[in-house]
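Chemist: Mind having a look at this structure? Questions to follow.
There are 2 protein chains.
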Amino acid sequence: MYNMDRLFGEVAERGHVCVGLDTAVDYIPERERRRAVSDAQAALIFNRAIIDATADTAACFKVQIACYEEMGLAGLETYAETLRYIRGKGRLVIADIKRGDIADTALRYAKAHFDGDFEADFVTLSPYMGMDSIEPWLSWADSKGKGAFVLMRTSNRGMRDFEYLELNGKETGDRTRRVYDAVGEKLSALAAAKKGKSGYGAFGAVVGCTGRGEDAAVRKRYGSLFFLIPGYGAQGGGAGDAAALLKDGNGGIVNASRSILKAWTGTLSPDGASNAKDADNAFAAEAARRAAVNMRDDIRAALAGLKG
Amino acid sequence: MYNMDRLFGEVAERGHVCVGLDTAVDYIPERERRRAVSDAQAALIFNRAIIDATADTAACFKVQIACYEEMGLAGLETYAETLRYIRGKGRLVIADIKRGDIADTALRYAKAHFDGDFEADFVTLSPYMGMDSIEPWLSWADSKGKGAFVLMRTSNRGMRDFEYLELNGKETGDRTRRVYDAVGEKLSALAAAKKGKSGYGAFGAVVGCTGRGEDAAVRKRYGSLFFLIPGYGAQGGGAGDAAALLKDGNGGIVNASRSILKAWTGTLSPDGASNAKDADNAFAAEAARRAAVNMRDDIRAALAGLKG
């Protein structure tokens, strides 16, 4: 069974929220940082609290490795422990590593992130160098069910620089074909070759919610690709934007990081005063849980609105 | 002073060879692996021997992080120690990490690889998400002279999938503009904004030697970009192909990994028998030194041929 099928099941059961553990040190309550022997340890203890609090609500978790690499070797130990903790709870985790290198090197990366210290259920990949930087990862779909989300059309300002460039030659339906279409077409071919019970391929795509009105067309055109959807919340996308990228109420997960991890900084105590200064991990975790529940419900409501 | 200017000086003094420390475990002589307490330790001891033997000949070193990630946390310690060893000798090292992520995340990656445990002099970057995944790294050019090589036109089979796609609209001189041209144009603008004494920008490009006859035109079109040139040796490129990408005898480094690190496996003992089975690191290092010297001289000869 592909992990993508398991993820499809988690979305059906729990909703579309992917909790992004982009744990920057300043996301952690100050008193918890002081209590820990290192920032790397503080990040691990914080992550465990967030994971415990959001596990019922989250379809899956995504761990941004840059936040841990920044802390050096100790940070990467926390990264490894965070993955292990999530998987130990029987839950799915995406290693947000955006790797993209060829042949032998891709095989080495795949072994690094699908086995051993850094084992994850999914990775994110970057397609620039071509499909020989993607295909070597696929053998792990058969052996261990592993999956990947390949960058296709992201949600950042810079997406216009290369992803949006118009290609020469054939048109795609009613509009010009762009670089991201070329990526989507190759990924659709992969999905057809490794299609799971859910109807989605073992490898999906990163497609951001841009709110630009073209998202429903992208969803329709690449129907076999399960989407990892960034851009929600702190990055500007709303529930309606995300819903436009979801097919029949499934087919994608919506990532949010800051708006969940930092929810505690905007949380008021019962007497109306902001008690962020006195916050601890339990306080942060409860705020994160509520933020994740609200996000899940907002997306469900938006989907119901699309149907209605 | 930008590291790119220092690299220009190293090329002028030592030639164009970049020794790629893509140290796979089976590149290490068997008796050395047995002697070490772990493969990660064996890789570190092997790397030191290769670095010592080739330092006079190499313009710089490149360390492929995938080979170390594959060994987990212990492998990343070897990665960190290898960078430290090269920099401790006063020599330049490129972290071949091909990172590409946006804004905050790019800043975190930059801190991870330009400071702390994993500090390198240069990194490799992937441009797919756009220039907001490249620009955050630039602040380190001013503060510590750091540099980068951004994937532009690589030398693998899959380069045709996306890098070579023809763009709609304006033509570039006598030929169609491709995705890699869009990358090259953006990088040239960066190079103009951060130009060093050598005439090259602080950030350069990865341009593979393909032997396809178009390399001289690429060299001419992107004159302000210092090139990191893969594809030599085991990947099929020859000295003439590499020379076509070098301007006035400088302006690029040519990476070789397997053909240097594994030179010992094809080396004969004085009595004519292959003694790869009895090889140790000293034997491998001497073979690597000779391979690097031959490569340096081959490229110099090819450059002299171009001038003649």
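So the sequences go chain by chain: P and Z. Going by this note's numbering, the residue at position 99 of the first sequence is 99; the numbering climbs one at a time, nothing skipped. Going by this note's numbering, the residue at position 115 of the second sequence is 1115; the numbering climbs one at a time, nothing skipped. Each residue gets a CB set at the ideal place from its N, CA and C atoms; glycine is no exception. Treat the numbers as computed from the prediction; the structure is a model and nothing was measured.
Going along the region 155-182 of chain P in order, which residues come within less than 8 angstroms of chain Z, judged by CB to CB distance?
Modeler: Answer set for the region 155-182 of chain P: Asn156, Arg157, Gly158, Met159, Arg160, Asp161, Phe162, Glu163, Leu165, Glu166, Leu167, Asn168, Gly169, Thr176, Val179 and Ala182.
Chemist: Just list the alpha helix (DSSP H) runs in the region 17-46 of chain P, keeping only unbroken ones of 4 residues or longer that don't cross its boundaries, in chain order.
Modeler: The qualifying runs are 30-35.
Chemist: Please work out which residues of its chain come closer than 8 angstroms, Cβ to Cβ, to histidine 1113/Z, disregarding the five sequence neighbours upstream and downstream, and give them in chain order.
Modeler: The count along the second sequence starts at 1 and reaches residue 1113/Z at position 113. Correct list, in chain order: Ala1095, Ile1097, Arg1099, Glu1119, Ala1120 and Val1123.
Chemist: Name the residues in the region 1126-1156 of chain Z whose C-beta lies less than 7 angstroms from a C-beta of chain P; which are they?
Modeler: Residues passing the 7 angstroms Cβ filter: Ser1126, Pro1127, Tyr1128, Met1129, Gly1130, Met1131, Asp1132, Ser1133, Leu1151, Thr1154 and Asn1156.
Chemist: With DSSP collapsed to three states, give me the class of leucine 1225/Z.
Modeler: On the second sequence, residue 1225/Z is found 225 positions in, with the first residue counted as 1. Correct three-state label for leucine 1225/Z: coil.
Chemist: Scan the region 1209-1225 of chain Z for residues whose Cβ lies nearer than 7 angstroms to a Cβ of chain P and list them as they occur along the chain.
Modeler: Flagged: no residues at all.
Chemist: Give, in chain order, every unbroken run of the alpha helix (DSSP H) that is at least 4 residues long and sits entirely within the region 1169-1224 of chain Z.
Modeler: If we require 4 residues or more, the alpha helix (DSSP H) runs fully inside the region 1169-1224 of chain Z come out as 1179-1193 and 1215-1221.
Chemist: Going by alpha carbons, who is nearest to proline 230/P out of Ala189/P, Gly184/P, Asn47/P and Cys18/P?
Modeler: In the first sequence, counting from the first residue as 1, residue 230/P sits at position 230. For the residues Ala189/P, Gly184/P, Asn47/P and Cys18/P, the minimum Cα distance to proline 230/P belongs to Cys18/P.
Chemist: So, helix, strand or coil for glutamate 166/P, using DSSP?
Modeler: Counting from one through the first sequence, the residue named residue 166/P turns up at place 166. In this structure, glutamate 166/P counts as strand in the three-state DSSP scheme.
Chemist: Please say whether alanine 1216/Z and alanine 1302/Z have beta carbons closer to each other than 8 angstroms?
Modeler: Start at 1 with the first residue of the second sequence, and residue 1302/Z comes out as number 302. Start at 1 with the first residue of the second sequence, and residue 1216/Z comes out as number 216. Not closer than 8 angstroms, so no.
Chemist: Relative to chain P, which residues along the region 1039-1069 of chain Z have a C-beta separation below 7 angstroms, given in chain order?
Modeler: Those residues of the region 1039-1069 of chain Z that come within reach of chain P (Cβ to Cβ, closer than 7 angstroms) are Gln1064, Ala1066, Cys1067 and Glu1069.
Chemist: Do the CB positions of cysteine 209/P and tyrosine 232/P come within less than 8 angstroms of each other?
Modeler: The residue given as residue 209/P occupies position 209 in the first sequence. The residue given as residue 232/P occupies position 232 in the first sequence. Yes. Within cutoff.
Chemist: Pairing CB atoms from the region 1152-1161 of chain Z with CB atoms from the region 123-133 of chain P, are three or more of them under 8 angstroms?
Modeler: Output reads yes: the region 123-133 of chain P touches the region 1152-1161 of chain Z.
Chemist: Counting C-beta neighbours from all protein chains within 10 Å, is the total for methionine 1295/Z 16 or more, i.e. buried, or is it exposed?
Modeler: Translated into the one-based positions of the second sequence, residue 1295/Z becomes position 295. Looking at its Cβ environment, which holds 16 or more other Cβ atoms inside 10 Å, methionine 1295/Z is buried.
Chemist: Looking only at C-alpha atoms, which of Leu1125/Z, Arg1006/Z, Ile1028/Z and Lys1197/Z sits nearest to glycine 1090/Z?
Modeler: Here residue 1090/Z refers to the residue found at position 90 when the second sequence is read from its first residue. Of the listed residues, the one whose Cα sits closest to glycine 1090/Z is Arg1006/Z.
Chemist: Give a yes or no on whether 8 angstroms exceeds the smallest Cβ distance from leucine 1083/Z to chain P.
Modeler: Taking the first residue of the second sequence as 1, we reach residue 1083/Z at position 83. Leucine 1083/Z does not count as touching chain P.
Chemist: What does threonine 1124/Z pair with, by DSSP beta-bridge criteria?
Modeler: Residue numbering aside, residue 1124/Z sits at position 124 when the second sequence is read from its first letter. The partner list for threonine 1124/Z (beta bridge, DSSP) reads Phe1149/Z.
Chemist: Beta strand (DSSP E) containing glycine 1305/Z: first to last residue?
Modeler: On the second sequence, residue 1305/Z is found 305 positions in, with the first residue counted as 1. From DSSP, glycine 1305/Z is part of no beta strand (DSSP E) but of the alpha helix (DSSP H) over 1281-1307.
Chemist: Grab me the residues of tyrosine 1027/Z's own chain with a C-beta within less than 6 angstroms of its C-beta, minus the 5 sequence neighbours each way, in chain order.
Modeler: For the purposes of this step, residue 1027/Z is taken as the residue at position 27 of the second sequence. Hits under 6 angstroms: Leu1261 and Lys1262.
Chemist: Ordered along the chain, which non-local residues of its own chain (more than five positions away) have a Cβ less than 7 angstroms from that of glycine 249/P?
Modeler: Counted from its first residue, the first sequence places residue 249/P at position 249. Cβ within range, chain order: Leu303.
Chemist: Taking Cβ to Cβ, would you say threonine 1082/Z is nearer than 8 angstroms to arginine 1014/Z?
Modeler: Taking the second sequence and counting its residues from 1, one reaches residue 1082/Z at position 82. Taking the second sequence and counting its residues from 1, one reaches residue 1014/Z at position 14. Not in contact: threonine 1082/Z and arginine 1014/Z (Cβ atoms no closer than 8 angstroms).
Chemist: Inspect the beta-carbon positions of arginine 1033/Z and valine 1025/Z and report whether they are closer than 8 angstroms.
Modeler: Working through the second sequence from its first residue, we reach residue 1033/Z at position 33. Working through the second sequence from its first residue, we reach residue 1025/Z at position 25. Going by C-beta atoms, arginine 1033/Z is nearer than 8 angstroms to valine 1025/Z.
Chemist: Determine, using beta carbons only, whether leucine 1246/Z comes closer than 8 angstroms to chain P.
Modeler: Indexing the second sequence from 1 puts residue 1246/Z at position 246. Not closer than 8 angstroms to any Cβ of chain P, the Cβ of leucine 1246/Z fails to qualify, so no.
Chemist: Compare the C-alpha of aspartate 1101/Z against each of Ala106/P, Leu151/P and Cys60/P and name the closest.
Modeler: Position 101 of the second sequence, counting from 1, holds the residue named residue 1101/Z. The shortest Cα separation from aspartate 1101/Z among Ala106/P, Leu151/P and Cys60/P belongs to Leu151/P.
Chemist: Taking only beta-carbon positions, decide if glutamate 77/P is within less than 8 angstroms of chain Z.
Modeler: Taking the first sequence and counting its residues from 1, the one referred to as residue 77/P is at position 77. Glutamate 77/P counts as touching chain Z.
Chemist: So, does the CB of alanine 1120/Z fall closer than 8 angstroms to a CB anywhere in chain P?
Modeler: Looking up residue 1120/Z in the second sequence gives position 120. For alanine 1120/Z, the answer is no, since every Cβ of chain P falls outside 8 angstroms of its Cβ.
Chemist: Give, in chain order, every residue of the region 1019-1037 of chain Z whose Cβ lies closer than 7 angstroms to some Cβ of chain A.
Modeler: Given the protein chain composition of this structure (P and Z), no chain A is represented.
Chemist: Helix, strand or coil, according to DSSP, for aspartate 1096/Z in the structure here?
Modeler: In the second sequence, the residue the question calls residue 1096/Z occupies position 96. Correct three-state label for aspartate 1096/Z: strand.
Chemist: Out of curiosity, what's the CA-to-CA distance linking lysine 186/P and serine 257/P?
Modeler: Here residue 186/P corresponds to residue number 186 of the first sequence, with the count starting at 1. Here residue 257/P corresponds to residue number 257 of the first sequence, with the count starting at 1. About 29 angstroms.
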